[in-house]
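The block underneath contains the structure these notes are about, expressed in C-alpha coordinates.
Numbering (UniProt numbering), first residue to last: 1 to 439.
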(Lines of atoms letter the chains of each structure in order from A; the text may use other names.)
(Lines give C-alpha, C1' and ligand atoms only; values in the text may rest on other atoms or scores of the structure.)
Protein backbone atom coordinates (compact mmCIF):
# COMPACT_ATOMS: atom_id res chain seq x y z
CA UNK A 1 0.00 0.00 0.00
CA UNK A 2 1.35 3.41 -1.02
CA UNK A 3 2.26 5.93 1.61
CA UNK A 4 -0.26 8.84 1.68
CA UNK A 5 2.45 11.33 2.58
CA UNK A 6 4.49 10.27 -0.45
CA UNK A 7 1.48 10.72 -2.73
CA UNK A 8 0.87 14.19 -1.28
CA UNK A 9 4.49 15.11 -2.05
CA UNK A 10 4.10 13.95 -5.66
CA UNK A 11 0.92 16.00 -6.04
CA UNK A 12 2.66 19.05 -4.62
CA UNK A 13 5.58 18.55 -7.00
CA UNK A 14 3.23 18.23 -9.97
CA UNK A 15 1.40 21.38 -8.90
CA UNK A 16 4.68 23.26 -8.52
CA UNK A 17 5.85 22.12 -11.98
CA UNK A 18 2.57 23.24 -13.52
CA UNK A 19 2.87 26.64 -11.88
CA UNK A 20 6.44 27.07 -13.09
CA UNK A 21 5.46 26.07 -16.63
CA UNK A 22 2.46 28.36 -16.48
CA UNK A 23 4.62 31.28 -15.35
CA UNK A 24 7.24 30.50 -17.98
CA UNK A 25 4.70 30.22 -20.79
CA UNK A 26 2.69 33.26 -19.70
CA UNK A 27 4.77 35.74 -21.79
CA UNK A 28 4.50 33.45 -24.81
CA UNK A 29 0.75 33.22 -24.40
CA UNK A 30 0.54 36.98 -24.12
CA UNK A 31 2.73 37.50 -27.18
CA UNK A 32 0.77 34.96 -29.24
CA UNK A 33 -2.70 35.92 -28.08
CA UNK A 34 -5.34 37.11 -30.50
CA UNK A 35 -5.17 40.67 -29.18
CA UNK A 36 -1.38 40.72 -29.58
CA UNK A 37 -1.57 39.37 -33.14
CA UNK A 38 -4.18 41.98 -33.96
CA UNK A 39 -1.91 44.66 -32.53
CA UNK A 40 1.04 43.33 -34.59
CA UNK A 41 -0.98 43.39 -37.81
CA UNK A 42 -2.32 46.86 -37.05
CA UNK A 43 1.20 48.14 -36.35
CA UNK A 44 2.61 46.60 -39.53
CA UNK A 45 -0.26 48.02 -41.58
CA UNK A 46 0.18 51.44 -40.00
CA UNK A 47 3.95 51.49 -40.52
CA UNK A 48 3.65 50.31 -44.12
CA UNK A 49 0.97 52.84 -44.95
CA UNK A 50 2.90 55.60 -43.18
CA UNK A 51 6.06 54.75 -45.12
CA UNK A 52 4.23 54.86 -48.43
CA UNK A 53 2.49 58.11 -47.56
CA UNK A 54 5.77 59.62 -46.33
CA UNK A 55 7.48 58.69 -49.60
CA UNK A 56 4.59 60.21 -51.56
CA UNK A 57 4.75 63.36 -49.43
CA UNK A 58 8.50 63.72 -50.01
CA UNK A 59 8.03 63.25 -53.75
CA UNK A 60 5.23 65.82 -53.74
CA UNK A 61 7.47 68.34 -51.96
CA UNK A 62 10.25 67.71 -54.49
CA UNK A 63 7.86 68.48 -57.36
CA UNK A 64 6.60 71.54 -55.48
CA UNK A 65 10.15 72.83 -54.91
CA UNK A 66 11.14 72.25 -58.53
CA UNK A 67 8.12 74.12 -59.89
CA UNK A 68 7.95 76.89 -57.28
CA UNK A 69 11.63 77.85 -56.99
CA UNK A 70 13.02 79.15 -60.31
CA UNK A 71 16.60 78.90 -61.48
CA UNK A 72 18.78 80.98 -59.20
CA UNK A 73 21.06 82.35 -61.92
CA UNK A 74 21.35 82.48 -65.68
CA UNK A 75 24.47 83.45 -67.64
CA UNK A 76 24.87 83.98 -71.37
CA UNK A 77 28.11 84.68 -73.23
CA UNK A 78 28.02 87.74 -75.49
CA UNK A 79 30.19 87.69 -78.59
CA UNK A 80 30.97 91.26 -79.59
CA UNK A 81 30.84 92.12 -83.27
CA UNK A 82 33.33 94.77 -84.47
CA UNK A 83 32.93 96.95 -87.55
CA UNK A 84 33.94 100.37 -88.94
CA UNK A 85 30.45 101.88 -89.28
CA UNK A 86 29.02 101.06 -85.81
CA UNK A 87 30.33 100.38 -82.30
CA UNK A 88 30.87 96.82 -81.03
CA UNK A 89 27.63 94.96 -80.31
CA UNK A 90 26.49 91.45 -79.36
CA UNK A 91 23.18 89.55 -79.35
CA UNK A 92 22.21 86.38 -77.49
CA UNK A 93 19.13 84.22 -77.00
CA UNK A 94 17.87 83.74 -73.45
CA UNK A 95 16.44 80.60 -71.88
CA UNK A 96 12.75 81.31 -71.37
CA UNK A 97 12.38 78.30 -69.05
CA UNK A 98 14.93 79.74 -66.62
CA UNK A 99 13.26 83.16 -66.38
CA UNK A 100 9.81 83.44 -64.79
CA UNK A 101 7.39 86.28 -64.43
CA UNK A 102 6.74 88.11 -61.15
CA UNK A 103 10.23 87.32 -59.90
CA UNK A 104 12.83 89.96 -59.08
CA UNK A 105 16.21 89.75 -60.90
CA UNK A 106 19.47 91.65 -60.73
CA UNK A 107 20.99 91.91 -64.22
CA UNK A 108 24.77 92.39 -64.50
CA UNK A 109 27.33 92.70 -67.28
CA UNK A 110 30.70 91.03 -66.67
CA UNK A 111 33.57 92.34 -68.85
CA UNK A 112 37.11 90.96 -68.82
CA UNK A 113 39.40 93.64 -70.31
CA UNK A 114 43.20 93.90 -70.59
CA UNK A 115 44.96 96.85 -68.96
CA UNK A 116 46.30 98.18 -72.23
CA UNK A 117 47.15 101.86 -72.76
CA UNK A 118 44.20 102.17 -75.18
CA UNK A 119 41.66 100.97 -72.65
CA UNK A 120 43.21 103.08 -69.89
CA UNK A 121 43.16 106.20 -72.08
CA UNK A 122 39.53 105.59 -73.15
CA UNK A 123 38.30 106.49 -69.70
CA UNK A 124 34.55 106.20 -69.24
CA UNK A 125 32.51 104.32 -71.80
CA UNK A 126 28.81 103.47 -72.08
CA UNK A 127 27.13 100.07 -72.03
CA UNK A 128 23.72 99.92 -73.72
CA UNK A 129 21.61 96.82 -72.91
CA UNK A 130 18.19 96.02 -74.36
CA UNK A 131 15.99 93.05 -73.42
CA UNK A 132 13.84 92.04 -76.36
CA UNK A 133 10.55 90.17 -76.45
CA UNK A 134 9.27 87.60 -78.88
CA UNK A 135 6.99 90.02 -80.74
CA UNK A 136 8.34 90.97 -84.15
CA UNK A 137 11.84 89.61 -83.52
CA UNK A 138 13.28 88.13 -86.75
CA UNK A 139 14.82 84.68 -86.79
CA UNK A 140 18.06 85.79 -88.42
CA UNK A 141 20.37 87.16 -85.73
CA UNK A 142 22.40 89.12 -88.27
CA UNK A 143 19.40 91.27 -89.25
CA UNK A 144 18.36 92.35 -85.74
CA UNK A 145 20.05 95.72 -85.85
CA UNK A 146 17.82 96.91 -88.65
CA UNK A 147 14.59 95.49 -87.13
CA UNK A 148 14.73 96.68 -83.51
CA UNK A 149 11.68 98.84 -82.77
CA UNK A 150 9.96 100.17 -79.70
CA UNK A 151 7.57 97.17 -79.66
CA UNK A 152 10.46 94.71 -79.52
CA UNK A 153 12.22 96.30 -76.53
CA UNK A 154 10.76 95.21 -73.19
CA UNK A 155 13.46 96.75 -70.97
CA UNK A 156 16.33 99.09 -71.76
CA UNK A 157 19.29 100.36 -69.69
CA UNK A 158 22.46 102.45 -70.23
CA UNK A 159 25.24 102.37 -67.62
CA UNK A 160 28.78 103.85 -67.55
CA UNK A 161 31.94 101.85 -66.87
CA UNK A 162 35.69 102.47 -66.52
CA UNK A 163 38.82 100.49 -65.81
CA UNK A 164 40.01 101.06 -62.22
CA UNK A 165 42.93 103.45 -61.91
CA UNK A 166 46.21 102.42 -60.21
CA UNK A 167 49.13 104.74 -59.42
CA UNK A 168 52.60 103.69 -60.61
CA UNK A 169 53.89 102.96 -57.09
CA UNK A 170 50.85 100.88 -56.13
CA UNK A 171 50.87 99.15 -59.47
CA UNK A 172 54.55 98.25 -59.06
CA UNK A 173 54.09 96.93 -55.52
CA UNK A 174 51.01 94.92 -56.55
CA UNK A 175 52.93 93.42 -59.45
CA UNK A 176 55.91 92.46 -57.30
CA UNK A 177 53.66 90.93 -54.63
CA UNK A 178 51.62 88.75 -57.02
CA UNK A 179 54.38 88.00 -59.51
CA UNK A 180 54.89 84.38 -58.34
CA UNK A 181 51.19 83.62 -58.92
CA UNK A 182 51.44 85.18 -62.33
CA UNK A 183 54.49 83.10 -63.21
CA UNK A 184 52.72 79.92 -62.09
CA UNK A 185 49.72 80.87 -64.24
CA UNK A 186 47.38 81.01 -61.25
CA UNK A 187 46.57 84.66 -61.80
CA UNK A 188 46.74 87.08 -64.73
CA UNK A 189 47.95 90.46 -63.53
CA UNK A 190 47.21 92.10 -66.89
CA UNK A 191 43.47 91.28 -66.75
CA UNK A 192 40.80 93.37 -65.07
CA UNK A 193 37.21 92.22 -64.50
CA UNK A 194 34.43 94.78 -64.54
CA UNK A 195 31.03 93.88 -63.04
CA UNK A 196 28.52 96.52 -64.12
CA UNK A 197 24.96 96.30 -62.70
CA UNK A 198 22.43 97.05 -65.45
CA UNK A 199 19.09 96.33 -63.66
CA UNK A 200 18.24 96.05 -59.95
CA UNK A 201 15.20 94.10 -58.80
CA UNK A 202 13.79 93.83 -62.29
CA UNK A 203 10.36 92.13 -62.24
CA UNK A 204 8.70 90.83 -65.38
CA UNK A 205 4.91 91.29 -65.51
CA UNK A 206 2.61 88.27 -65.57
CA UNK A 207 2.46 86.50 -68.90
CA UNK A 208 4.87 84.60 -71.11
CA UNK A 209 4.98 87.44 -73.65
CA UNK A 210 6.46 89.76 -71.02
CA UNK A 211 9.47 87.52 -70.39
CA UNK A 212 12.46 88.50 -72.60
CA UNK A 213 13.71 85.99 -75.11
CA UNK A 214 16.79 87.86 -76.45
CA UNK A 215 19.34 90.42 -75.26
CA UNK A 216 21.42 92.98 -77.20
CA UNK A 217 24.55 94.76 -75.88
CA UNK A 218 26.29 97.73 -77.43
CA UNK A 219 29.63 99.15 -76.18
CA UNK A 220 29.86 102.89 -76.88
CA UNK A 221 33.26 104.61 -76.44
CA UNK A 222 35.37 107.34 -78.03
CA UNK A 223 37.78 104.70 -79.26
CA UNK A 224 37.53 101.03 -79.97
CA UNK A 225 37.84 99.14 -76.70
CA UNK A 226 39.62 95.85 -76.35
CA UNK A 227 37.59 93.16 -74.52
CA UNK A 228 38.56 89.59 -73.71
CA UNK A 229 35.00 88.32 -73.13
CA UNK A 230 31.58 89.59 -72.03
CA UNK A 231 28.81 87.83 -70.11
CA UNK A 232 25.23 88.72 -69.21
CA UNK A 233 24.07 87.35 -65.83
CA UNK A 234 20.58 87.20 -64.27
CA UNK A 235 20.58 86.77 -60.47
CA UNK A 236 17.25 85.85 -58.86
CA UNK A 237 16.40 87.71 -55.65
CA UNK A 238 13.80 85.71 -53.74
CA UNK A 239 11.21 87.36 -51.57
CA UNK A 240 8.41 86.13 -49.31
CA UNK A 241 7.68 82.41 -49.41
CA UNK A 242 10.37 81.72 -51.99
CA UNK A 243 12.97 83.33 -49.74
CA UNK A 244 11.98 81.07 -46.81
CA UNK A 245 11.80 77.90 -48.90
CA UNK A 246 15.18 78.55 -50.56
CA UNK A 247 17.17 79.80 -47.57
CA UNK A 248 15.68 77.42 -44.95
CA UNK A 249 15.56 74.24 -46.96
CA UNK A 250 15.59 71.67 -44.13
CA UNK A 251 12.88 73.44 -42.15
CA UNK A 252 10.80 73.91 -45.28
CA UNK A 253 11.21 70.24 -46.17
CA UNK A 254 10.02 69.11 -42.73
CA UNK A 255 7.08 71.52 -42.61
CA UNK A 256 5.78 70.94 -46.13
CA UNK A 257 6.34 67.18 -45.97
CA UNK A 258 4.36 67.03 -42.72
CA UNK A 259 1.65 69.14 -44.36
CA UNK A 260 1.47 66.85 -47.39
CA UNK A 261 1.52 63.82 -45.07
CA UNK A 262 -1.39 65.18 -43.03
CA UNK A 263 -3.39 65.87 -46.17
CA UNK A 264 -2.65 62.33 -47.43
CA UNK A 265 -3.69 60.72 -44.14
CA UNK A 266 -6.87 62.79 -44.00
CA UNK A 267 -7.74 61.90 -47.59
CA UNK A 268 -7.08 58.22 -46.92
CA UNK A 269 -9.23 58.29 -43.77
CA UNK A 270 -12.09 59.97 -45.61
CA UNK A 271 -11.82 57.47 -48.46
CA UNK A 272 -11.74 54.53 -46.02
CA UNK A 273 -14.79 55.89 -44.17
CA UNK A 274 -16.66 56.36 -47.44
CA UNK A 275 -15.83 52.82 -48.62
CA UNK A 276 -16.82 51.37 -45.22
CA UNK A 277 -20.10 53.27 -45.33
CA UNK A 278 -20.84 51.99 -48.82
CA UNK A 279 -19.96 48.40 -47.90
CA UNK A 280 -22.05 48.52 -44.72
CA UNK A 281 -24.99 49.94 -46.66
CA UNK A 282 -24.77 47.20 -49.30
CA UNK A 283 -24.49 44.54 -46.57
CA UNK A 284 -27.59 45.86 -44.83
CA UNK A 285 -29.52 45.79 -48.09
CA UNK A 286 -28.44 42.21 -48.75
CA UNK A 287 -29.47 41.22 -45.21
CA UNK A 288 -33.12 42.10 -45.80
CA UNK A 289 -35.60 39.30 -46.46
CA UNK A 290 -36.06 38.66 -50.14
CA UNK A 291 -39.67 39.36 -51.17
CA UNK A 292 -41.08 37.29 -53.96
CA UNK A 293 -44.40 35.64 -54.91
CA UNK A 294 -45.26 32.23 -56.18
CA UNK A 295 -44.66 33.33 -59.77
CA UNK A 296 -41.09 34.43 -58.97
CA UNK A 297 -41.71 38.19 -59.17
CA UNK A 298 -40.12 40.33 -56.47
CA UNK A 299 -42.21 42.62 -54.27
CA UNK A 300 -41.40 45.63 -52.10
CA UNK A 301 -42.87 44.24 -48.87
CA UNK A 302 -40.43 42.78 -46.33
CA UNK A 303 -42.71 39.72 -45.77
CA UNK A 304 -42.78 36.73 -48.03
CA UNK A 305 -46.20 36.49 -49.70
CA UNK A 306 -48.20 33.34 -50.39
CA UNK A 307 -51.09 32.75 -52.77
CA UNK A 308 -54.37 31.42 -51.51
CA UNK A 309 -55.82 28.33 -53.19
CA UNK A 310 -59.18 29.92 -53.91
CA UNK A 311 -58.60 33.64 -54.44
CA UNK A 312 -55.50 33.30 -56.59
CA UNK A 313 -54.09 36.63 -55.32
CA UNK A 314 -50.91 36.91 -53.30
CA UNK A 315 -51.68 37.95 -49.74
CA UNK A 316 -49.08 38.83 -47.13
CA UNK A 317 -49.26 36.46 -44.17
CA UNK A 318 -47.06 36.22 -41.11
CA UNK A 319 -46.56 32.70 -39.88
CA UNK A 320 -47.24 32.52 -36.12
CA UNK A 321 -46.00 30.09 -33.48
CA UNK A 322 -49.38 28.34 -33.18
CA UNK A 323 -49.44 27.66 -36.92
CA UNK A 324 -45.92 26.29 -36.78
CA UNK A 325 -46.96 23.90 -33.99
CA UNK A 326 -50.21 22.91 -35.71
CA UNK A 327 -48.32 22.10 -38.91
CA UNK A 328 -45.92 19.82 -37.06
CA UNK A 329 -45.35 16.14 -37.65
CA UNK A 330 -48.76 15.17 -36.11
CA UNK A 331 -50.70 17.52 -38.37
CA UNK A 332 -54.21 18.80 -37.94
CA UNK A 333 -53.41 20.87 -34.89
CA UNK A 334 -54.35 18.07 -32.45
CA UNK A 335 -52.35 16.39 -29.74
CA UNK A 336 -50.30 17.73 -26.89
CA UNK A 337 -48.58 21.03 -27.67
CA UNK A 338 -47.10 23.98 -25.85
CA UNK A 339 -50.07 26.17 -26.68
CA UNK A 340 -52.57 23.58 -25.35
CA UNK A 341 -50.67 23.17 -22.09
CA UNK A 342 -50.29 26.92 -21.58
CA UNK A 343 -53.99 27.57 -22.26
CA UNK A 344 -55.23 24.80 -19.90
CA UNK A 345 -56.06 25.76 -16.25
CA UNK A 346 -53.83 23.72 -13.95
CA UNK A 347 -53.65 23.00 -10.21
CA UNK A 348 -50.60 21.72 -8.36
CA UNK A 349 -50.82 20.15 -4.87
CA UNK A 350 -48.92 21.73 -2.00
CA UNK A 351 -48.06 20.74 1.55
CA UNK A 352 -50.52 19.58 4.14
CA UNK A 353 -52.90 22.23 5.34
CA UNK A 354 -52.29 24.52 2.35
CA UNK A 355 -54.44 25.32 -0.65
CA UNK A 356 -53.33 23.96 -4.04
CA UNK A 357 -51.58 26.30 -6.47
CA UNK A 358 -53.95 27.26 -9.29
CA UNK A 359 -52.95 28.58 -12.71
CA UNK A 360 -55.93 29.82 -14.70
CA UNK A 361 -54.00 29.71 -18.00
CA UNK A 362 -53.74 32.23 -20.79
CA UNK A 363 -56.97 34.08 -21.49
CA UNK A 364 -58.15 33.45 -25.05
CA UNK A 365 -58.27 36.35 -27.40
CA UNK A 366 -61.47 37.73 -28.86
CA UNK A 367 -60.98 35.90 -32.14
CA UNK A 368 -60.23 32.59 -30.45
CA UNK A 369 -63.24 32.92 -28.15
CA UNK A 370 -65.53 33.62 -31.09
CA UNK A 371 -64.17 30.62 -32.98
CA UNK A 372 -64.65 28.34 -29.93
CA UNK A 373 -68.25 29.48 -29.48
CA UNK A 374 -69.04 28.87 -33.16
CA UNK A 375 -67.45 25.41 -33.03
CA UNK A 376 -69.44 24.53 -29.87
CA UNK A 377 -72.70 25.71 -31.44
CA UNK A 378 -72.05 23.61 -34.56
CA UNK A 379 -71.38 20.58 -32.40
CA UNK A 380 -74.53 21.05 -30.35
CA UNK A 381 -76.73 21.40 -33.43
CA UNK A 382 -75.85 17.87 -34.49
CA UNK A 383 -78.22 15.09 -33.26
CA UNK A 384 -76.87 13.14 -30.30
CA UNK A 385 -76.15 9.45 -30.90
CA UNK A 386 -76.75 6.61 -28.48
CA UNK A 387 -73.08 6.40 -27.49
CA UNK A 388 -72.96 10.05 -26.60
CA UNK A 389 -76.12 9.71 -24.49
CA UNK A 390 -74.52 6.87 -22.55
CA UNK A 391 -71.46 8.97 -21.96
CA UNK A 392 -73.64 11.75 -20.58
CA UNK A 393 -75.27 9.37 -18.13
CA UNK A 394 -71.88 8.11 -16.97
CA UNK A 395 -70.67 11.62 -16.48
CA UNK A 396 -73.76 12.44 -14.45
CA UNK A 397 -73.04 9.52 -12.16
CA UNK A 398 -69.48 10.64 -11.83
CA UNK A 399 -70.50 14.10 -10.78
CA UNK A 400 -72.56 12.77 -7.88
CA UNK A 401 -69.89 10.36 -6.66
CA UNK A 402 -67.82 10.84 -3.57
CA UNK A 403 -64.25 9.83 -2.90
CA UNK A 404 -63.74 8.63 0.68
CA UNK A 405 -66.65 10.65 1.90
CA UNK A 406 -65.62 13.86 0.09
CA UNK A 407 -67.39 15.39 -2.83
CA UNK A 408 -65.30 15.14 -6.05
CA UNK A 409 -65.62 18.37 -8.01
CA UNK A 410 -63.71 18.85 -11.28
CA UNK A 411 -60.06 18.18 -11.87
CA UNK A 412 -57.74 17.88 -8.88
CA UNK A 413 -54.84 19.19 -10.90
CA UNK A 414 -52.78 16.07 -10.31
CA UNK A 415 -51.34 14.80 -13.59
CA UNK A 416 -51.22 16.32 -17.01
CA UNK A 417 -51.77 13.21 -19.15
CA UNK A 418 -53.97 12.90 -22.20
CA UNK A 419 -56.71 11.21 -20.13
CA UNK A 420 -57.05 14.25 -17.89
CA UNK A 421 -57.33 16.42 -20.94
CA UNK A 422 -60.14 14.28 -22.41
CA UNK A 423 -61.90 14.15 -19.06
CA UNK A 424 -61.89 17.90 -18.76
CA UNK A 425 -63.35 18.30 -22.23
CA UNK A 426 -66.14 15.83 -21.36
CA UNK A 427 -67.28 17.91 -18.38
CA UNK A 428 -67.53 20.99 -20.55
CA UNK A 429 -69.59 19.01 -23.04
CA UNK A 430 -72.06 17.86 -20.38
CA UNK A 431 -72.60 21.36 -19.06
CA UNK A 432 -73.11 22.70 -22.54
CA UNK A 433 -75.70 20.01 -23.29
CA UNK A 434 -77.73 20.90 -20.19
CA UNK A 435 -77.94 24.50 -21.27
CA UNK A 436 -79.90 23.58 -24.43
CA UNK A 437 -83.60 24.39 -24.46
CA UNK A 438 -86.04 21.49 -24.44
CA UNK A 439 -87.63 20.63 -27.76
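Note that beta-carbon positions come from the ideal geometry of N, C-alpha and C, so glycine has one too. Quantities reported herein were computed from a predicted structural model and do not represent experimental measurements.
- In the DSSP assignment, residue 122 falls within the unbroken alpha helix (DSSP H) covering 117-122.
- Pairing residue 88 with residue 126 gives a Cβ-Cβ distance that is not under 7 Å.
- Between the alpha carbons of residue 204 and residue 237 lies a gap of roughly 13 Å.
- CA-to-CA, the gap between residue 213 and residue 276 works out to about 55 Å.
- Take the alpha-carbon of residue 223 and the one of residue 83: they are about 12 Å apart.
- Counting only runs of 4+ residues, the alpha helix (DSSP H) found wholly inside the segment 61-133 occupies 117-122, in chain order.
- Taken atom to atom, the span from the alpha-carbon of residue 12 to that of residue 41 is near 41 Å.
- Segment contact: the segment 69-83 against the segment 157-175, fewer than three CB-CB distances shorter than 8 Å; contact not assigned.
- Residue 177 and residue 112 have their C-alpha atoms spaced approximately 22 Å apart.
- In the DSSP annotation of this structure, the continuous segment of the alpha helix (DSSP H) that includes residue 174 starts and ends at 168-177.
- Residue pairing of residue 218 in beta bridges, as defined by DSSP: 89, 128.
- The continuous alpha helix (DSSP H) containing residue 380 extends over residues 366-381.
- Distance from the CA atom of residue 265 to the CA atom of residue 239, rounded to whole angstroms, is 31 Å.
- A distance below 7 Å between beta-carbons, with the five flanking residues on each side excluded, links residue 95 to the following residues of its chain, in chain order: 74.
- Annotation: residue 65 to residue 261 spans about 16 Å, alpha carbon to alpha carbon.
- Excluding residues up to 5 positions away in sequence, 130 lie with their Cβ nearer than 6 Å to the Cβ of residue 156 in the same chain.
- In the three-state reduction of the DSSP assignment, residue 56 falls in the helix class, which pools H, G and I.
- The segment 102-116 and the segment 180-193 touch, with no fewer than 3 CB-CB distances between them shorter than 8 Å.
- The beta-bridge partner set that DSSP reports for residue 237 consists of 104.
- Assigned with DSSP and collapsed to three states, residue 180 falls in helix.
- C-alpha of residue 347 to C-alpha of residue 23: approximately 59 Å in a straight line.
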